[in-house]
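Student: Per this note's numbering, the very first residue in the sequence shown carries number 18; after that it's consecutive.
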Amino acid sequence: MPTSKNHGPEQALAIITQAAEEIAQSLGFQLVDAHFGQQGRKTSLEITIYKPGGRIGLADCEKVSRELESKLESLSELPALLHGSYVLDVCSPGIERVLKHEREYKIFAGSQVELKAKADVGAGGFGQHFLATLVGLEGDRVKLAALKELPKGNDKGSAGKNGAKNAAKGSGKNKKDKIEIEPVHELSVPLKQITTLKLYADLSKAAHDNQECEALEAEASLES
Numbered sequence: 018m019p020t021s022k023n024h025g026p027e028q029a030l031a032i033i034t035q036a037a038e039e040i041a042q043s044l045g046f047q048l049v050d051a052h053f054g055q056q057g058r059k060t061s062l063e064i065t066i067y068k069p070g071g072r073i074g075l076a077d078c079e080k081v082s083r084e085l086e087s088k089l090e091s092l093s094e095l096p097a098l099l100h101g102s103y104v105l106d107v108c109s110p111g112i113e114r115v116l117k118h119e120r121e122y123k124i125f126a127g128s129q130v131e132l133k134a135k136a137d138v139g140a141g142g143f144g145q146h147f148l149a150t151l152v153g154l155e156g157d158r159v160k161l162a163a164l165k166e167l168p169k170g171n172d173k174g175s176a177g178k179n180g181a182k183n184a185a186k187g188s189g190k191n192k193k194d195k196i197e198i199e200p201v202h203e204l205s206v207p208l209k210q211i212t213t214l215k216l217y218a219d220l221s222k223a224a225h226d227n228q229e230c231e232a233l234e235a236e237a238s239l240e241s
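(1) Are the beta-carbon atoms of Glu121 and Phe147 separated by less than 8 angstroms?
(2) Am I right that Leu85 and Ile40 are in contact with their C-beta atoms under 8 angstroms? What's the rounded C-beta distance?
(3) In chain order, what are the residue ranges of uninterrupted beta strand (DSSP E) at least 3 long that sit wholly in the segment 140-170?
(4) Do you know how far the Cα of Lys68 is from the Cα of Leu92?
(5) Using DSSP with H/G/I as helix, E/B as strand and the rest coil, what is Lys182?
(6) Note the first and the last residue of the continuous beta strand (DSSP E) segment covering Ile211.
(7) Going by beta-carbon coordinates alone, are Ala162 and Ala149 separated by less than 8 angstroms?
(8) Can you tell me whether Val115 is helix, strand or coil according to DSSP?
(9) Consult DSSP for Ala76 and reduce its assignment to one of helix, strand or coil.
(10) Taking the alpha-carbon of Gly111 as reference, which of Arg58, Ile64 and Ala29 has the nearest alpha-carbon?
(11) Within 10 angstroms of its Cβ, does Leu233 collect 16 or more other Cβ (buried), or is it exposed?
(12) Relative to the C-alpha of Phe46, which residue among Glu119, Asp137 and Val81 is closest?
(13) Please state the DSSP three-state secondary structure of Glu27.
(14) Under 8 angstroms between the Cβ atoms of Asp157 and Pro207?
(15) Given this structure, state the Cα-to-Cα distance separating Ala37 from Ser205, to the nearest angstrom.
(16) CA-CA distance, Gly70 and Gly127?
(17) On the three-state DSSP scale, how would you describe Ser205?
Next comes the structure, spelled out in structure tokens:
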């Protein structure tokens with residue numbers, strides 16, 4: 018039987034993924050993803066790593082890249098499977114990474130995520146667009162906890178009809194007419210209902226923290 022054209026690259030990616038996982042773990046990181054991409058006319062091998070409880074810096078990426086490159090060069094079977102050269106690119110997940118694979122649901126369990134759904138999910142008036150803590154993936158359902166509304170200004174017309182209705186009802190002069198959203202402690206959402214699930218980056222908090230750091234640095238310089 019003829020061999021599938023994709024059989025070689027698939028085998029190569031499986032070998033590379035295993036090697037990348039071993040290297041990442043030995044250096045204190047977790048492998049988030051490994052896949053082939055394209056950089057102009059060249060094939061790129063994109064490796065994404067994560068540091069639990071910390072940030073990934075350029076030095077971290079360079080360290081993993083050197084170790085992995087050395088490891089891959091020692092694997093004699095790879096050149097025949099890859100059918101050409103490639104560019105190795107090691108990077109961090111990014112602050113707003115979209116989660117797609119089972120591995121990512123495990124790695125980022127406990128992180129705050131932003132969810133967009135095709136229709137209103139669960140109860141409590143959160144609609145189609147809200148924040149939650151990712152618990153994990155069970156079969157074809159995503160388990161979430163501690164649901165809450167998006168900060169004002171972050172939900173640009175994507176909260177769904179219920180969100181619009183709630184906003185309209187809450188904008189009257191009589192404050193008693195405002196609908197209070199009940200807290201939702203846990204929710205299970207089918208994957209097929211989810212449009213986007215990504216890590217949530219509180220940019221306003223980051224900006225506030227940065228301002229505090231700058232103020233402390235300025236105070237320290239005055240004291241010195």
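Glycine is no exception: its CB is placed at the ideal position from the N, C-alpha and C atoms.
Tutor: The short version:
(1) The count along the sequence shown starts at 1 and reaches residue 121 at position 104. The count along the sequence shown starts at 1 and reaches residue 147 at position 130. Result no, Cβ atoms of Glu121 and Phe147 do not sit closer than 8 angstroms.
(2) In the sequence shown, residue 85 corresponds to position 68, counting from 1. In the sequence shown, residue 40 corresponds to position 23, counting from 1. That belief holds up - the Cβ atoms of Leu85 and Ile40 are roughly 5 angstroms apart, short of 8 angstroms.
(3) Qualifying beta strand (DSSP E) stretches, in chain order: 146-155 and 158-165.
(4) As a first step, residue 92 must be located in the sequence shown, where it is residue number 75. As a first step, residue 68 must be located in the sequence shown, where it is residue number 51. CA-to-CA, the gap between Leu92 and Lys68 works out to about 26 angstroms.
(5) As a first step, residue 182 must be located in the sequence shown, where it is residue number 165. Confidence in Lys182 is poor, its pLDDT being 41 and thus under 50, which makes the residue's placement too unreliable to answer from.
(6) Here the question's residue 211 lines up with position 194 in the sequence shown. Run containing Ile211: Ile211 to Leu216, per the beta strand (DSSP E) assignment.
(7) Position 145 of the sequence shown, counted from the start, is the residue given in the question as residue 162. Position 132 of the sequence shown, counted from the start, is the residue given in the question as residue 149. Closer than 8 angstroms, so yes.
(8) For this step, residue 115 is matched to residue 98 along the sequence shown. Note: Val115 maps to strand in three-state DSSP.
(9) Taking the sequence shown and counting its residues from 1, the one referred to as residue 76 is at position 59. The DSSP-derived three-state label of Ala76 is helix.
(10) Numbered from 1 along the sequence shown, position 94 holds the residue referred to as residue 111. For the residues Arg58, Ile64 and Ala29, the minimum Cα distance to Gly111 belongs to Ile64.
(11) Indexing the sequence shown from 1 puts residue 233 at position 216. Note that Leu233 scores 36 on pLDDT, short of 50, meaning its location in the model is unreliable and no value can be drawn from it.
(12) For the purposes of this step, residue 46 is identified with residue 29 of the sequence shown, where counting begins at 1. Here the closest residue by C-alpha is Val81.
(13) Position 10 of the sequence shown, counted from the first residue, corresponds to residue 27. It is helical.
(14) Here residue 157 corresponds to residue number 140 of the sequence shown, with the count starting at 1. Here residue 207 corresponds to residue number 190 of the sequence shown, with the count starting at 1. Yes; because the gap between Cβ atoms is below 8 angstroms, this pair is in contact.
(15) On the sequence shown, residue 37 is found 20 positions in, with the first residue counted as 1. On the sequence shown, residue 205 is found 188 positions in, with the first residue counted as 1. For Ala37 and Ser205, the distance between alpha carbons rounds to 32 angstroms.
(16) Within the sequence shown, the letter at position 53 stands for residue 70. Within the sequence shown, the letter at position 110 stands for residue 127. In this structure, the straight-line span from the alpha carbon of Gly70 to that of Gly127 is close to 11 angstroms.
(17) What you label residue 205 is simply residue 188 of the sequence shown in a count that begins at 1. It is a strand residue.
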